[in-house]
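Trainee:
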Amino acid sequence: MNLVKVYIVQSITTASNNLRLNSQQIEVVGLLRETIMNSENLGDTLFKMKKSTVLSKLAIRLNEVYTFLTQGKVDFLKISEQFREHSRYLIRDLNQFLDNVNPIDYNNAINHINGIEADEIKVELVAKDLNAASLLISESNMLKEEIIMQDDSEDHDSFNNFEDQILSPIKTVDNYLKRLESDKINKEELEKYSSIMEKHSVLASARGFGIISDMHKILFSAFKEINFGSLNINKSVIESLRACLIVIAAVVKGKELDITDYLNKAEEFGKKYFESKNQVLDK
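The numbering used here puts the first residue of the sequence shown at 100, with every later residue one more than the last.
(1) Assuming T359 contacts S186 (C-beta within less than 8 Å), just tell me the rounded distance between them.
(2) Could you check if S237 is buried or exposed, using at least 16 other CB atoms within 10 Å of its CB as the buried criterion?
(3) What number of angstroms, rounded off, separates the C-alpha of G307 from the C-alpha of A321?
(4) When burial is assigned at 16 or more other CB atoms within 10 Å of the CB, is D218 buried or exposed?
(5) Leaving out five residues before and five after S179 in sequence, what residues of the same chain have Cβ atoms less than 7 Å from its Cβ?
(6) Can you tell me where the alpha helix (DSSP H) holding T144 begins and where it ends?
(7) From P202 to H211, what distance separates their C-alpha atoms?
(8) Restricting to Cα atoms, I'd like to know which of L102, K352, K364 and R132 is closest to D263.
(9) Rounded to whole angstroms, what is the Cα-Cα separation between E163 and I310?
(10) Between which two residues does the alpha helix (DSSP H) holding P268 run?
(11) Would you give the residue range spanned by the alpha helix (DSSP H) that V103 belongs to?
(12) Identify which residue in L118, K316, S138 and Q123 has its Cα closest to the Cα of V103.
(13) Tell me whether R160 sits in a helix, a strand or coil according to DSSP, three-state version.
(14) Output the boundary residues of the alpha helix (DSSP H) element that contains S294.
(15) Among residues of its own chain, excluding the 5 on either side of L318, which ones have a beta-carbon nearer than 7 Å to its beta-carbon?
(16) Rounding to the nearest angstrom, what Cα-Cα distance links E116 and K150 in this structure?
(17) Exposed or buried, what is D198 when buried is set at 16 or more other beta-carbons lying within 10 Å of its beta-carbon?
(18) Taking 7 Å as the cut-off, is the beta-carbon of E297 closer than that to any non-hydrogen atom of the ligand FMN?
(19) When the Cα of L141 is compared with those of Q124, L168 and S122, which residue comes out closest?
(20) Can you tell me where the alpha helix (DSSP H) holding E180 begins and where it ends?
(21) Could you say which of N194, N333, G129 and G369 lies nearest to L118 if we only look at CA atoms?
(22) Could you check which residue in S312, V200, E290 and N363 has the C-alpha nearest to that of L120?
(23) Exposed or buried, T166, counting other C-beta atoms within 10 Å across all chains shown (16 or more means buried)?
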């Protein structure tokens, strides 16, 4: 049994149990669970899903969980608390995803990223879809009772505080970046923002949110290099750093927008300037 797959599938199921799903949406959840359980290389599958317009937003969130489980230091004494937080974070993204994707859309997107032609997959999927939906419904009843009965008020407060803390400096830093290209560098101001981004990177990493942590790593690494004079400020650099902020805000707020271009720009910038120094984008 692959515990990483089981954890992610159970997170999806728990999140879906907090939603009012119709039959099509239940089918999509079943297909999503099946994709994860049948994947030979889940990290690669999620990476491909992030490149799809249809799947990217949810894939980013699922990759956060995957990164936490495979690259973070999992505290098994707190794993149930972390599981509830991951599941709660998924609710909003899963809801938006299911509102916009039907089974045909989902299958087409998965087949596209896997390079499968439509004619190759018509017959086999019908039975699998029904089995996945049936499994989700039976599992749903048991998990709903547990969710309803558990006391999660403290977790909810903690979750909201995390969101507030991550989002609070975003607008200020964005305004700073907009004027950074034309203004003289204020080293004290730059050090202040670098320190905030570094702290928030650690905070996001500790909670298992790898993408959010990586975006903060790129920002504080860039701010340090700018302060040292080893990274020149230009329009491309500013746009890449603003892309990091946009990804952070979109992921935390659960904005129903395609942020693939911003994510790609931010990650390419991080790889170009910092990956060789092992500063950002841990793999």
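Built from N, CA and C at the ideal position, the CB exists for glycine as well.
Mentor: Quick answer:
(1) Position 260 of the sequence shown, counted from the first residue, corresponds to residue 359. Position 87 of the sequence shown, counted from the first residue, corresponds to residue 186. Their Cβ separation, rounded to whole angstroms, is 25 Å, which puts T359 and S186 out of contact at 8 Å.
(2) For this step, residue 237 is matched to residue 138 along the sequence shown. Unreliable placement is indicated for S237, whose pLDDT of 49 sits below 50; the coordinate value is still reported in the next sentence. It is exposed - the Cβ of S237 has fewer than 16 other Cβ atoms within 10 Å.
(3) Translated into positions along the sequence shown, residue 307 becomes position 208. Translated into positions along the sequence shown, residue 321 becomes position 222. Near 23 Å, if we compare the C-alpha coordinates of A321 and G307.
(4) Your numbering for residue 218 matches position 119 in the sequence shown. Confidence at D218 is low in this model, with a pLDDT of 48, below 50, so its placement is unreliable and the value that follows should be read with caution. D218 comes out exposed.
(5) As a first step, residue 179 is located in the sequence shown; it is residue number 80 there, counting from the start. Sequence-distant Cβ neighbours of S179 in its own chain, meaning closer than 7 Å and more than five residues away, do not exist here.
(6) Start at 1 with the first residue of the sequence shown, and residue 144 comes out as number 45. T144 -> alpha helix (DSSP H) spans L141 to K149.
(7) By one-based count along the sequence shown, residue 202 stands at place 103. By one-based count along the sequence shown, residue 211 stands at place 112. P202 and H211 have their C-alpha atoms roughly 14 Å apart.
(8) Mapped onto the sequence shown, residue 263 falls at position 164. Of the listed residues, the one whose Cα sits closest to D263 is K352.
(9) Taking the first residue of the sequence shown as 1, we reach residue 163 at position 64. Taking the first residue of the sequence shown as 1, we reach residue 310 at position 211. Computed Cα separation, rounded: 6 Å.
(10) Translated into the one-based positions of the sequence shown, residue 268 becomes position 169. Counted as a single uninterrupted DSSP element, the stretch harbouring P268 is not any alpha helix (DSSP H), since DSSP gives it neither H nor E.
(11) What you label residue 103 is simply residue 4 of the sequence shown in a count that begins at 1. For V103, the uninterrupted alpha helix (DSSP H) segment begins and ends at L102 to S115.
(12) For the purposes of this step, residue 103 is taken as residue 4 along the sequence shown, with counting starting at 1. Comparing alpha carbon positions, the residue from L118, K316, S138 and Q123 closest to V103 is S138.
(13) Locating residue 160 in the sequence shown gives position 61, counting from the first residue. The answer is helix: DSSP assigns R160 an H, G or I state.
(14) By one-based count along the sequence shown, residue 294 stands at place 195. Counting along the chain, the alpha helix (DSSP H) containing S294 begins and ends at K286 to A305.
(15) On the sequence shown, position 219 is the one that residue 318 refers to. These residues qualify, in order along the chain: M296, L340 and C343.
(16) Translated into positions along the sequence shown, residue 116 becomes position 17. Translated into positions along the sequence shown, residue 150 becomes position 51. At residue 116 the sequence reads Asn, which differs from the Glu that was named. Near 27 Å, if we compare the C-alpha coordinates of K150 and N116.
(17) Residue numbering aside, residue 198 sits at position 99 when the sequence shown is read from its first letter. Around the beta-carbon of D198, fewer than 16 other beta-carbon atoms lie within 10 Å, marking it exposed.
(18) The ligand content of the structure shown is nil, which means the ligand FMN is not present either.
(19) One-based indexing of the sequence shown puts residue 141 at position 42. Residue nearest to L141 within the set Q124, L168 and S122 is L168 (criterion: CA-CA distance).
(20) Residue numbering aside, residue 180 sits at position 81 when the sequence shown is read from its first letter. Per DSSP, E180 belongs to the alpha helix (DSSP H) from I178 to N199.
(21) Residue numbering aside, residue 118 sits at position 19 when the sequence shown is read from its first letter. Ranking the options by Cα distance to L118, first place goes to N194.
(22) In the sequence shown, counting from the first residue as 1, residue 120 sits at position 21. With distances taken between Cα atoms, L120 lies closest to V200.
(23) In the sequence shown, residue 166 corresponds to position 67, counting from 1. With 16 or more other Cβ atoms within 10 Å, it is buried.
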